[in-house]
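Residue numbers (this note's numbering): -7 to 165.
The beta-carbon is built from N, C-alpha and C at its ideal position, and this holds for glycine as well.
Shown next, in structure tokens, is the structure this report addresses.
Here you go:
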């Protein structure tokens, strides 16, 4: 993957995040805008056509492997339990600001996962990253192996680092 200079990456990532703020949230509409609208949003954020295409390909891969997920902006998806925000091509995702009552994860690819509903969810994060268990004091987040056995858990309020590659399922609370 080609590395860009910090100002370009920062500008593109900031523009994408700013654009996401203006385009709405997962609860704003049951219908997702057409992919061409997302491509236009990415281009407005400063991505080239090739970068916008690469971002959409990554979004499409997430949509294909995780049932119940839908695209809500150029790089943000609503998924069972919360949202996932993908970094702009060539950028490393910034750590996710984690709202009170949420479990937030940044994986080794810079994807930011924000869980805010209780349940048992498939998890697709990879690599080494961070977590912020900012749920109600004492709430236990559980992280599971592929076979469903508990790998480890964490009690809120806490932050730390983890290897996400062996985590296949998450129960935020």
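Starting from residue 135, follow its DSSP beta bridges and name the residues at the other end. Here residue 135 refers to the residue found at position 143 when the chain shown is read from its first residue. BP columns for residue 135 point to 144, 162.
What residue ranges within the stretch 27 to 85 form continuous alpha helix (DSSP H) runs of no fewer than 4 residues, ordered along the chain? 27 to 36, 41 to 57
Tell me which residue opens and which closes the beta strand (DSSP E) that residue 154 is part of. Translated into positions along the chain shown, residue 154 becomes position 162. Taken as a continuous stretch (DSSP letters only), the beta strand (DSSP E) holding residue 154 covers 150 to 155.
Less than 7 Å between C-beta atoms, sequence neighbours within five positions excluded: which residues of the same chain meet that for residue 74? Counting from one through the chain shown, the residue named residue 74 turns up at place 82. Closer than 7 Å at Cβ, skipping near neighbours: 105, 106, 107, 108, 109.
Looking only at its chain, what residues have a beta carbon closer than 6 Å to the beta carbon of residue 50, apart from the 5 residues adjacent to it on each side? Taking the chain shown and counting its residues from 1, one reaches residue 50 at position 58. Annotation for residue 50: 78 place their beta carbon closer than 6 Å to its own, counting only its chain and skipping 5 residues before and after.
Grouping DSSP H, G and I as helix and E and B as strand, with all else coil, what is residue 93? Taking the chain shown and counting its residues from 1, the one referred to as residue 93 is at position 101. Reduced to three states, the DSSP call for residue 93 is coil.
Residues of its chain near residue 122, where Cβ-Cβ distance is below 8 Å and the 5 sequence neighbours each way are ignored: Your numbering for residue 122 matches position 130 in the chain shown. Closer than 8 Å at Cβ, skipping near neighbours: 87, 97, 98, 151, 152, 153, 154.
Suppose the cutoff is 8 Å on Cβ atoms and the five residues either side in sequence are ignored; what does the same chain contact list for residue 47 look like? Stepping through the chain shown from its first residue, residue 47 is reached at position 55. Contacts found: 34, 39, 66, 67, 78, 80, 81.
Go through its chain and collect everything with a Cβ distance to residue 169's Cβ below 8 Å, but skip five positions before and after it. Residue 169 lies beyond the residue range present for the chain, which begins at -7 and ends at 165; the question has no answer from this structure.
Let me confirm a value: residue 112 is counted as buried when at least 16 other C-beta atoms fall within 10 Å, else exposed. Which label applies? The count along the chain shown starts at 1 and reaches residue 112 at position 120. The residue is exposed, with fewer than 16 neighbouring Cβ atoms inside 10 Å.
Starting from residue 106, follow its DSSP beta bridges and name the residues at the other end. For the purposes of this step, residue 106 is taken as residue 114 along the chain shown, with counting starting at 1. DSSP output for residue 106 lists 75, 96 as bridge partner(s).
Considering only the alpha carbon of each residue, which of 162, 130, 127 lies closest to residue 139? Within the chain shown, the letter at position 147 stands for residue 139. For the set 162, 130, 127, the Cα lying nearest the Cα of residue 139 is the one of 162.
Going by CA-CA distance only, name the one from 37, 76, 36 that's closest to residue 54. If you number the chain shown from 1, residue 54 lands on position 62. Closest option to residue 54, Cα to Cα, is 76.
Among residues of its own chain, excluding the 5 on either side of residue 43, which ones have a beta-carbon nearer than 6 Å to its beta-carbon? Position 51 of the chain shown, counted from the first residue, corresponds to residue 43. Excluding positions up to five away in sequence, the list reads 81.
Residue 180 (DSSP reduced to helix, strand or coil): Any question about residue 180 goes unanswered here, given that the chain covers just -7 to 165.
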